[in-house]
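Trainee: Numbering (mature numbering (1 follows the signal peptide of the UniProt record, and there is no 0)), first residue to last: -24 to -1, 1 to 374.
Every residue, glycine too, gets a C-beta built ideally from N, C-alpha and C.
What follows is a single structure, and I will ask about it in a moment.
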Ligand code: GLY
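What follows is the structure, given as structure tokens:
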């Protein structure tokens, strides 16, 4: 039986400052089951409004916004359904997960940008992990081969976006997340080249994407002829030199996942460096749901990004598996605070509200004025993933 960190904190705070009887925090087991049961009901409502060939992105001005299945977020809706099924064993949710996953199959050939890992591994990856059905693995294997088509030998990385007026050969920090598709496929009968490409990309990113304080740039633009860095920029952050919150989330999640596949201490050190940047940052609020950028103008009035909070919580829970002592206590404690915050107002939606999405108050791309202070499909995905990770790894004591 574990003693919840938040429970201890609440009791201590209560003793020190208030004669009133302290309110005990809800036990995490109960909180997690409550959120999963809520998710199963809420996603029935969401699913009812999403056309069969579309995927939900957000809910804005009282309307559901959907995407086609090439948009980078299209794997998250089926993926979240699989995770909710894993957490509840609700047969309707499983059926819906199967239907929404099948729609994505043609995307195993998608080469329009680097996002095939997000699209296929969050959907088919979970489908295979949970069911063991070989038809899902075949799609993952094909998609992993497809992902290598954007690998640029000269750069030593998978190019994220095509060249444009602004960028020659951009690689964004988010791209680390796509490596899980390649590494998993390599470990499950795929050819060695998949692993080689993924690790080369990870090493190039390690060399070029980080500042001395371990925070990450968003975009590194390369010269495709020489492989040299042309510029370090942002697309979705507040400034080129700022720390865009979701980018820090991708970085800590990415190097933690890379350590899972490799046990390379350099990746663990990088994951810890980014985690420490986040959890020790003076601009991380007390509820530990980050502002949309750690250097956002107007803090403390700046908007929060629940999606960054969910991604970081999920990453810190995995990182907690690879460290011990104070580090584990700090990372898991921060993740628990994030999960408790996200499970309550103002982040967690009321039942039946928010168009069926679980979380409110995320930020997609503020500089483009796109998806500002709204629900986002990937915020829900990483929230549910983090709930399951906490339950799997930390409810039997740590
Ligand atoms: N991968 C795009 C984003 O994080 O917004």
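Measuring from each Cβ to the nearest heavy atom of the ligand GLY, keep the ones under 5 Å and list them in chain order.
Mentor: Spelled out in chain order, the answer is 150, 222.
Trainee: Since residue 383 is in the alpha helix (DSSP H), which residue starts that stretch and which ends it?
Mentor: Outside the displayed span of the chain (-24 to 374) sits residue 383, for which this structure offers no information.
Trainee: Which whole-angstrom value is the C-beta distance of residue 80 and residue 92, which I expect to be below 8 Å?
Mentor: With a Cβ gap of about 10 Å, residue 80 and residue 92 do not count as contacting.
Trainee: Going by DSSP in three states, residue 280 sits in which element: helix, strand or coil?
Mentor: It is a strand residue.
Trainee: Verify whether the separation of the beta carbon atoms of residue 386 and residue 317 is less than 8 Å.
Mentor: What is shown of the chain runs -24 to 374, which leaves residue 386 out entirely.
Trainee: Does the beta-carbon distance from residue 90 to residue 151 come in below 8 Å?
Mentor: Their beta carbons are under 8 Å apart, which means residue 90 touches residue 151 by this criterion.
Trainee: Let's see if you can read the secondary structure: which residues bound the beta strand (DSSP E) around residue 339?
Mentor: Unbroken beta strand (DSSP E) run through residue 339: 338 to 341.
Trainee: Under the rule that 16 or more other beta-carbon atoms within 10 Å means buried, what is residue 319, buried or exposed?
Mentor: Buried: at least 16 other Cβ atoms inside 10 Å.
Trainee: Report buried or exposed for residue 38, applying the criterion of at least 16 other Cβ atoms within 10 angstroms of its Cβ.
Mentor: Classification of residue 38: exposed, given that the 10 Å Cβ count is below 16.
Trainee: Nearest to residue 154 by alpha carbon, out of 164, 141, 274, 177?
Mentor: The shortest Cα separation from residue 154 among 164, 141, 274, 177 belongs to 177.
Trainee: On a Cα-Cα basis, can you pick out the residue from 210, 271, 362, 118 that is closest to residue 170?
Mentor: Minimum Cα distance to residue 170 is reached at 118.
Trainee: Drop a sphere of 10 angstroms on the beta-carbon of residue 330, count the other beta-carbons inside from all chains shown, and report buried for 16 or more, exposed for fewer.
Mentor: That one is buried.
Trainee: Span of the alpha helix (DSSP H) holding residue 232?
Mentor: It spans 221 to 238 - the alpha helix (DSSP H) in which residue 232 sits, taken as one unbroken run.
Trainee: What do you get for residue 256, buried or exposed, if any count of 16 or more other CB atoms within 10 angstroms of its CB means buried?
Mentor: Exposed.
Trainee: Among 350, 42, 34, 360, which residue has its Cα nearest to the Cα of residue 28?
Mentor: The residue with the shortest Cα to Cα distance from residue 28 is 42.
Trainee: Helix, strand or coil, according to DSSP, for residue 34 in the structure here?
Mentor: Note: residue 34 maps to strand in three-state DSSP.
Trainee: Do we get a CB-CB distance below 8 Å when we pair residue 132 with the residues of chain C?
Mentor: In summary, chain C is missing from the structure at hand, where a single protein chain is found.
Trainee: Taking residue 348 and residue 292 to be in contact with their CB atoms under 8 Å, please state how far apart those CB atoms are, rounded to whole angstroms.
Mentor: That belief does not hold up - the Cβ atoms of residue 348 and residue 292 are roughly 26 Å apart, past 8 Å.
Trainee: If I follow the unbroken alpha helix (DSSP H) through residue 353, where does it start and stop?
Mentor: Its alpha helix (DSSP H) spans residues 353 to 370.
Trainee: Just the C-alpha distance for residue 366 and residue 236, rounded to the nearest angstrom, thanks.
Mentor: Distance between the alpha carbons of residue 366 and residue 236 is about 17 Å.
Trainee: Is the number of C-beta pairs between the segment 354 to 362 and the segment 297 to 306 that are closer than 8 Å three or more?
Mentor: Touching, no.
Trainee: Helix, strand or coil, according to DSSP, for residue -1 in the structure here?
Mentor: Reduced to three states, the DSSP call for residue -1 is coil.
Trainee: For residue 193, collect the residues of the same chain with a Cβ closer than 6 Å to its Cβ; drop the 5 residues on either side in sequence, then sort them by chain order.
Mentor: Answer for residue 193: 185, 208, listed in chain order.
Trainee: Classify residue 18: buried if its beta carbon has 16 or more other beta carbons within 10 angstroms, exposed otherwise.
Mentor: That one is buried.
Trainee: If we ignore side chains and look at the alpha-carbon of each, how far apart do residue 189 and residue 253 end up?
Mentor: Using only the alpha carbons, I get a separation of about 7 Å.
Trainee: Measure the C-alpha to C-alpha separation of residue 277 and residue 258 and round it to an integer number of angstroms.
Mentor: Their Cα atoms are separated by approximately 15 Å.
Trainee: Can you pull the DSSP bridge partners for residue 170?
Mentor: According to DSSP, which records beta bridges pairwise, residue 170 is partnered with nothing at all.
Trainee: If distances are taken between C-alpha atoms only, which option among 111, 110, 131, 135 comes closest to residue 389?
Mentor: Absent from the model: residue 389. The displayed extent of the chain is -24 to 374, so no value can be given.
Trainee: With distances taken from CA atoms, which of 137, 146, 132, 83 is nearest residue 115?
Mentor: Of 137, 146, 132, 83, the residue nearest in Cα terms is 83.
Trainee: At the level of alpha carbons, what is the spacing between residue 23 and residue 72?
Mentor: Those two C-alpha atoms are separated by around 8 Å.
Trainee: Under 8 Å, do residue 288 and residue 225 count as touching if we go by C-beta distance?
Mentor: Result yes, Cβ atoms of residue 288 and residue 225 sit closer than 8 Å.
Trainee: When we look at the beta-carbon of residue -20 and count the other beta-carbons within 10 Å, is it buried (16 or more) or exposed?
Mentor: Low per-residue confidence applies at residue -20: pLDDT is 46, beneath 50, and the placement is therefore not dependable enough to give any value.
Trainee: Could you check where the beta strand (DSSP E) with residue 148 kicks off and where it finishes?
Mentor: Per DSSP, residue 148 belongs to the beta strand (DSSP E) from 145 to 148.
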